[in-house]
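According to this note's numbering, the stretch in the sequence shown is residues 52 to 283, in order. Using N, Cα and C, we set each Cβ at its ideal position, and we do this for glycine too. All figures in this text were calculated on a predicted structure; none of them were measured in a lab. The block underneath contains the structure these notes are about, expressed in structure tokens.
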Amino acid sequence: MDMAILLAAGTGMRMRPITLKTPKPLVKVHGLPLIETVIQGLLHVSIKEIYIVVGYLGEQFQYLTKKYPGITLLQNEEYSYKNNISSIFAARDVLGKANTFICEGDLLIKDFSLFEIPVEHSFYMGKWVNGPSHDWSFRLENGRMTKITTGGEDVFNMAGISYWTKEDALAIKEAVLTAYTHPEHESLYWDQVVDTILDKIHVMVYPVTDEQLVEIDTVKELQTIDSSYYSL
52 MDMAILLAAG TGMRMRPITL KTPKPLVKVH GLPLIETVIQ GLLHVSIKEI
102 YIVVGYLGEQ FQYLTKKYPG ITLLQNEEYS YKNNISSIFA ARDVLGKANT
152 FICEGDLLIK DFSLFEIPVE HSFYMGKWVN GPSHDWSFRL ENGRMTKITT
202 GGEDVFNMAG ISYWTKEDAL AIKEAVLTAY THPEHESLYW DQVVDTILDK
252 IHVMVYPVTD EQLVEIDTVK ELQTIDSSYY SL
């Protein structure tokens with residue numbers, strides 16, 4: 052049975068003042084918290100073992116464990132001074148138990164069929180960009196991922212959801228544990244750790260569109276999607 056890890060520990064600095072009192076994954080869009088769109092998408096494909104890594108205002112996520120059976124909260128004690136590698140480290144005891152979706156907790160999932168994916172390999176969901184990109188993106192050779200980096204031209208941008216076979220999830224876990232032995236790990240994104248082992252695991256890109264999921268990074272973007280926030 053597949054499982055999922057949702058990353059929800061960050062402070063959401065770019066969405067202030069909204070995130071001063073509400074963690075970004077709990078910001079509502081048309082009445083529903085962002086993270087619940089992710090949870091409901093996972094439940095749509097019968098993934099009921101869901102771990103949410105929390106940190107900033109973590110106690111506010113507690114209601115989810117009552118609303119959705121099968122949800123467990125994992126505490127990231129290092130979120131305030133380390134990058135999101137610390138959230139994967141916080142999930143180290145469950146990572147590698149099964150095939151696993153790893154999802155950003157602040158996505159707006161508009162199409163639950165996004166998760167209906169018959170695949171044999173691990174993958175990152177990606178959005179195709181024509182022309183220059185300034186975001187995290189992927190390099191591919193014959194369909195296989197060879198590099199995770201920033202920038203590029205005519206590339207797939209990272210979309211916030213990935214899927215890992217049990218074996219690849221274990222490889223990521225070991226790579227994160229190894230990275231943690233080096234002092235410079237504090238500034239790492241977990242995807243940068245994945246980049247170091249792409250020669251050992253088979254990772255592909257699964258194309259998605261803005262009609263399926265949206266990443267909301269700023270108050271302005273939120274206002275564009277939900278006009279009730281224009282009063283801010």
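Alpha-carbon to alpha-carbon, Ser188 and Ile122: If you number the sequence shown from 1, residue 122 lands on position 71. If you number the sequence shown from 1, residue 188 lands on position 137. Distance between the alpha carbons of Ile122 and Ser188: 30 angstroms.
Chain-order list of residues whose beta-carbon lies under 6 angstroms from that of Leu115 (same chain, five-residue window excluded): Residue mapping note: residue 115 aligns to position 64 of the sequence shown, counting from 1. Cβ within range, chain order: Ile122.
Strand pairing of Tyr175, partner residues [DSSP]: As a position in the sequence shown, residue 175 is number 124, starting the count at 1. Paired residues: Ser213 and Val256.
In chain order, each alpha helix (DSSP H) run of at least 4 residues that lies wholly inside the stretch 108–139: 114–118
Cβ contact (3+ pairs, closer than 8 angstroms) linking the stretch 102–120 and the stretch 64–76: yes
Paired residues, beta bridge with Ser184 - DSSP: Here residue 184 refers to the residue found at position 133 when the sequence shown is read from its first residue. According to DSSP, Ser184 bridges with Gly203.
Endpoints, the alpha helix (DSSP H) within which Thr275 is located: The residue labelled residue 275 in the question sits at position 224 within the sequence shown. Thr275 -> alpha helix (DSSP H) spans Val270 to Ile276.
Neighbour flag for Glu262 against chain D, beta carbons, 8 angstroms: No chain D appears in this structure, which consists of one protein chain only.
Top-ranked residue by Cα proximity to Ile56, from Asp277, Thr201, Trp215 and Tyr281: Along the sequence shown, read from residue 1 onward, the residue named residue 56 stands at position 5. Sorting Asp277, Thr201, Trp215 and Tyr281 by C-alpha distance to the C-alpha of Ile56 places Trp215 at the top.
Distance CB(Lys224)-CB(Gly156) smaller than 8 angstroms: What you label residue 224 is simply residue 173 of the sequence shown in a count that begins at 1. What you label residue 156 is simply residue 105 of the sequence shown in a count that begins at 1. Cβ atoms of Lys224 and Gly156: not closer than 8 angstroms.
Pick from Phe140, Pro84, Ile101 and His185 that is closest to Leu221, judged by C-alpha positions: By one-based count along the sequence shown, residue 221 stands at place 170. Of the listed residues, the one whose Cα sits closest to Leu221 is Phe140.
Collapsed DSSP secondary structure at Glu87 in the structure displayed: In the sequence shown, the residue the question calls residue 87 occupies position 36. Glu87: helix per DSSP, three-state reduction.
Which of helix, strand or coil DSSP assigns to Val170: Numbered from its first residue, the sequence shown carries residue 170 at position 119. Note: Val170 maps to coil in three-state DSSP.
Reduced DSSP secondary structure (H/G/I, E/B, other) of Ile248: As a position in the sequence shown, residue 248 is number 197, starting the count at 1. Correct three-state label for Ile248: coil.
Bounding residues of the beta strand (DSSP E) (the contiguous stretch that carries Met54): Locating residue 54 in the sequence shown gives position 3, counting from the first residue. That run of the beta strand (DSSP E) goes Met54 to Ala59.
Where Leu159 sits in the DSSP three-state scheme: Along the sequence shown, read from residue 1 onward, the residue named residue 159 stands at position 108. Looking at Leu159 - three-state DSSP - the assignment turns out to be strand.
Arg195 - partner residues in DSSP beta bridges: Here residue 195 refers to the residue found at position 144 when the sequence shown is read from its first residue. Glu192.
Helix, strand or coil at Lys75 according to DSSP, with G and I counted as helix: Here residue 75 corresponds to residue number 24 of the sequence shown, with the count starting at 1. Three-state result, Lys75: helix.
Cβ-based neighbour list, Lys133, same chain, cut-off 7 angstroms, excluding 5 preceding and 5 following: As a working note, residue 133 is residue 82 in the sequence shown. Result list for Lys133: Glu237, in chain order.
When Gly211, Asn181, Ile168 and Glu192 are compared against Gly202, the one with the closest alpha-carbon: Locating residue 202 in the sequence shown gives position 151, where the first residue counts as 1. Closest by C-alpha distance to Gly202, out of Gly211, Asn181, Ile168 and Glu192, is Asn181.
Buried/exposed call for Pro84, threshold 16 Cβ in 10 Å: Here residue 84 refers to the residue found at position 33 when the sequence shown is read from its first residue. With 16 or more other Cβ atoms within 10 Å, it is buried.
At least 3 beta-carbon pairs within less than 8 angstroms: the stretch 166–177 vs the stretch 250–267: yes
Burial state of Gly194 (16 or more Cβ within 10 Å): Locating residue 194 in the sequence shown gives position 143, counting from the first residue. Gly194 is exposed by the Cβ-count criterion.
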